[in-house]
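Peer 1: Okay, so the sequence shown: first residue is 454 according to the working numbering, each after it adds one. Where a beta carbon is used, it is the ideal one built from N, C-alpha and C, also for glycine. Below you'll find the structure I mean.
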Amino acid sequence: MRRSIKILSVAAALGAAGLAGCGTSQPASVPVAPTSATIALLPQVSPNWWFPVLSSSAYSDTNLQMNALMYVPLIHISRTDGINFSRSLAQSISVNSTGTVYTIHLNRKFKWSNGTPVTSADVVFTYNILKATSTGASNLPWGYGGAGTGGLPARWQSVVAQGPDTVVVTLNTPSNPVWFEHNGLGQIEPVPAAVWNKYPNNMIEELKFIQSVANNPSASVYQVVDGPYHFSKMAPNQYWMFSANNQYDGHKSTLQKIVFQYETSSSAEFAGLKTGTIQLGFLPASLWKSRAQLTSDVFFPAYLFGFNYLQPNLNPKAPNGLGPVFDQPYVRAALEMGIPQQAIISTFYHGYGVTENNPIPSQPKTIFYDAALAKPLYPFNPAAGKALLVKNGWTDVNGVMTKNGVQLKFTLLYVSGSNTDTAIAQLIKQDWAQEGVQVSLESQPFDTVLSTAQQADPSKWNMAWWGGGWTYEPDYYPTGGAFYATGAGANQGGYTNPTMDTLIKNSYNPGTSVETLNALFAYQQFAAQQTPVIWLPWTAGFNEHASNLHGTVKTFNSITALIYPNWWTTTAK
């Protein structure tokens, strides 16, 4: 998930990632007119943070998608991982020769829904929130989940307004402009400062205010937007409705209403697709053989730009004394050798997947993937994994590997609501048992898993899986600064390594296209060696859309993991 925590299908990225309420396929109050579309969320996943600077405990594709409906980003990342200035607040960006000064000229066409223009003051205010919540200060009410992304805050020297339409961003270190524009400026999704800036001279009180309304989209502050939709209404654990913003200065929605629908289970979502009450959703992998029943839908698989993994907790305060154990690369390598990646792909995803051993996927195809890593360093081999543990002083005691009184025995916390995820967790448990690793499985809703598996209180968990993994937003240039750099906001496992930190920083440096790509490859190679997380296969999402809903496939962006329903149209059945 953005902690990113991204989910594996378009429907997941739709989030409301990365889909009928109360056991029914659709709440009675949800409209079904031809000018509306109902989108399924992943089972037991719901949006819970509406301000577009996401907290570390709510850093998910689901929340990112909600923000994207209401607010125009400073820069719009295209489907080819470039910048589309026609859909950005920024009309142009000029950069000095060292990559330290970025002068951003705003597009004057964009206005807030109350009629006032979007200005440099809105950009600066939003940056100030990003900066404050990225410092890691102990007195903060909440922290930004993307801290570390794009060099925030350490590399940023200043962000100042020069008149209403110009913003100048200055860095303290020469930087690769492509990296900084994508990962630095790409994080800024401005809100109207005149509406949100309640405490101009007290940032702590401002953050407390934002926290107080973060999960209340009906609050008045959310009514002033510049994106294609307004938030309309909601019924908790049932649906979240948006209406078209007729004041939007981009491509206006032909659909009057967009509804994101809560799903209690995969089978409930499938029933909604079958009856036609859901226009965009997912085919549960566990119901693959039933796909012919969806006679009014179109199936389309899609890979997001990201990777899937189990997250071990490396903190010394982790339960059962296992933090220092998981902190050993050889232990993580042994665990990796117990992951049956190819079996997961063939058994549960019917061949729609690729094995992974580093954080940049081979699908979808991009220039960032290092083909030299096509052969995994730690392929599936439980016997070899156990032998590696024995080599390092572990002994099998009644089926559990033990060393210095510590047992490789722990709970894997994973997301509930998916039969496929449960079956995968059970398979991993079975194969790890061959290595003398004893695992108990505990399933919880997505939001619970995400909020528990944090370094804020590492004593609560040993290993977690939110059913998806990570997708690259807003770190569209796929470096590891958001999740493997020491202290990064999405570094849930508490991983730290000085060599990794250096390689990540090197990937930010300016240079020729060959030099910058080689720096990224060096980071990938070290990540493959280190296994800072336990890699799982990267699989395609099995997506379904109603045959009379057009534009979903054409406009879906696998790089941002976002949908753009303002570009969709419908026809009568």
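Under three-state DSSP, which class holds L757?
Peer 2: Coil, per DSSP.
Peer 1: Going by other Cβ atoms of all chains shown within 10 Å of its Cβ, with 16 needed for buried, is T924 buried or exposed?
Peer 2: It is buried - the Cβ of T924 has at least 16 other Cβ atoms within 10 Å.
Peer 1: Helix, strand or coil, according to DSSP, for F578 in the structure here?
Peer 2: DSSP places F578 in helix when its eight states are reduced to three.
Peer 1: Start and end of the alpha helix (DSSP H) containing Q883?
Peer 2: N872 to A886 is the span of the alpha helix (DSSP H), which, as asked, contains Q883.
Peer 1: Quick check: G601 and A975, are their CB atoms within less than 8 angstroms of each other?
Peer 2: No, Cβ-Cβ distance for G601 and A975 is not below 8 angstroms.
Peer 1: My output table needs one value for P570: the three-state DSSP class, helix, strand or coil.
Peer 2: Correct three-state label for P570: strand.
Peer 1: Tell me the DSSP secondary structure of G729 in three-state form.
Peer 2: DSSP places G729 in coil when its eight states are reduced to three.
Peer 1: Compare the beta carbon distance of L1029 and W914 with 8 angstroms and say whether it is the shorter of the two.
Peer 2: No answer is possible for residue 1029: it lies beyond the span of the chain, which begins at 454 and ends at 1026.
Peer 1: Can you give me the start and stop residues for the beta strand (DSSP E) that I797 sits inside?
Peer 2: That residue, I797, is in no beta strand (DSSP E); its alpha helix (DSSP H) goes Q794 to F801.
Peer 1: Residues in the same chain with beta-carbon distance under 6 angstroms from V548, minus the five sequence neighbours each way, listed in chain order, please.
Peer 2: Result list for V548: Y555 and P630, in chain order.
Peer 1: For the pair the region 993-1002 and the region 744-756, tell me if three or more CB-CB distances fall below 8 angstroms.
Peer 2: Touching, yes.
Peer 1: Starting from the Cα of I877, find the closest Cα among N810, P777, L763 and G1004 and give me that residue.
Peer 2: The candidate whose alpha carbon is nearest that of I877 is L763.
Peer 1: Taking the alpha carbon of K818 as the reference point, which residue from L747, V778, Y831 and L757 has its own alpha carbon closest?
Peer 2: Minimum Cα distance to K818 is reached at L757.
Peer 1: What three-state label does DSSP hand P907 in the structure shown?
Peer 2: The residue you asked about is not Pro; residue 907 is Gln in the sequence shown. Three-state DSSP puts Q907 in coil, outside helix and strand.
Peer 1: Within its chain, find whatever has a CB closer than 7 angstroms to the CB of P835; leave out the 5 residues flanking it on each side and keep chain order.
Peer 2: Closer than 7 angstroms at Cβ, skipping near neighbours: M790, G791, D884, Q887 and E888.
Peer 1: Assess contact between the region 524-540 and the region 597-613, defined as three or more Cβ pairs (one per stretch) separated by less than 8 angstroms. Is contact present?
Peer 2: Taking 8 angstroms as the limit for Cβ pairs, the verdict is that the region 597-613 does not touch the region 524-540.
Peer 1: Reducing DSSP to helix, strand and coil, say where D928 ends up.
Peer 2: Reduced to three states, the DSSP call for D928 is coil.
Peer 1: Pick out the complete alpha helix (DSSP H) segments inside the region 509-566, 4 residues or longer, and give them in chain order.
Peer 2: Correct list: 514-523.
Peer 1: Y597 and S513: beta carbons closer than 8 angstroms?
Peer 2: Not a contact, by the Cβ cut-off of 8 angstroms.
Peer 1: Cutting at 6 angstroms between CB atoms, please list the residues of its own chain near A543, excluding the five before and the five after it.
Peer 2: So the qualifying residues of the chain are L527, I528 and I557.
Peer 1: Helix, strand or coil, according to DSSP, for Q479 in the structure here?
Peer 2: A caution first: Q479 carries a pLDDT of 40, below 50, which makes its placement in the model too unreliable to give a value.
Peer 1: Would you mind giving the Cβ-Cβ distance between L704 and N1019, rounded to the nearest angstrom? I have them listed as a contact below 8 angstroms.
Peer 2: The question names Leu, yet the displayed sequence has His at residue 704. Between N1019 and H704 the Cβ distance is about 6 angstroms, and since that is below 8 angstroms, they are a contact.
Peer 1: Output needed for S739: all residues of its chain with C-beta closer than 7 angstroms, excluding positions within five of it in sequence on either side, in chain order.
Peer 2: Excluding sequence neighbours, S739 sits near S719, N872 and T873.
Peer 1: Kindly list the residues whose CB is nearer than 6 angstroms to the CB of S545, restricted to its own chain and excluding five residues on each side of it in sequence; keep chain order.
Peer 2: Taken in chain order, the residues that qualify are H558.
Peer 1: Tell me whether R455 is buried or exposed, calling it buried when 16 or more other Cβ atoms sit within 10 Å of its Cβ.
Peer 2: Annotation note: pLDDT 39 at R455 (below 50); position unreliable, coordinate value reported separately. Buried, since its Cβ has 16 or more Cβ neighbours within 10 Å.
Peer 1: Thinking Q860 and N768 are a contact (beta carbons under 8 angstroms), I'd like their distance in whole angstroms, please.
Peer 2: Not quite, the Cβ-Cβ distance comes to about 18 angstroms (not below 8 angstroms), so this is no contact.
Peer 1: By the 10 Å Cβ neighbour count, where 16 or more other Cβ atoms means buried, how is A481 classified, buried or exposed?
Peer 2: Any answer about A481 is weak, because its pLDDT of 40 lies below 50 and its placement is not dependable; what the coordinates show is given next. Result: exposed.
Peer 1: CB N766 to CB G589, shorter than 8 angstroms?
Peer 2: Contact: no.
Peer 1: Check whether the Cβ atoms of F695 and Y675 lie closer than 8 angstroms to each other.
Peer 2: It is not a contact, given that the beta carbons lie outside the stated cut-off.
Peer 1: Under the DSSP definition of a beta bridge, which residues are partnered with Q891?
Peer 2: Paired residues: K862.
Peer 1: May I ask you to report which of helix, strand or coil DSSP gives A466?
Peer 2: Note that A466 has pLDDT 43, beneath the 50 cutoff, so the model's placement of it is unreliable and no number is given.
Peer 1: Please state whether DSSP places H704 in a helix, a strand or coil.
Peer 2: Of the three classes helix, strand and coil, the one that applies to H704 here is coil, per DSSP.
Peer 1: Using the C-alpha atoms, what's the distance from I813 back to F1100?
Peer 2: Outside the shown range of the chain (454 to 1026) lies residue 1100, about which nothing can therefore be said.
Peer 1: Excluding the 5 residues flanking S896 on each side, which residues of the same chain have their C-beta closer than 6 angstroms to its C-beta?
Peer 2: Result list for S896: Y867 and S869, in chain order.
Peer 1: Between the Cα of N669 and those of L1002, I492, A574 and N516, spot the shortest distance and give me the residue it belongs to.
Peer 2: Looking at the Cα atoms, N516 is the closest of the given residues.
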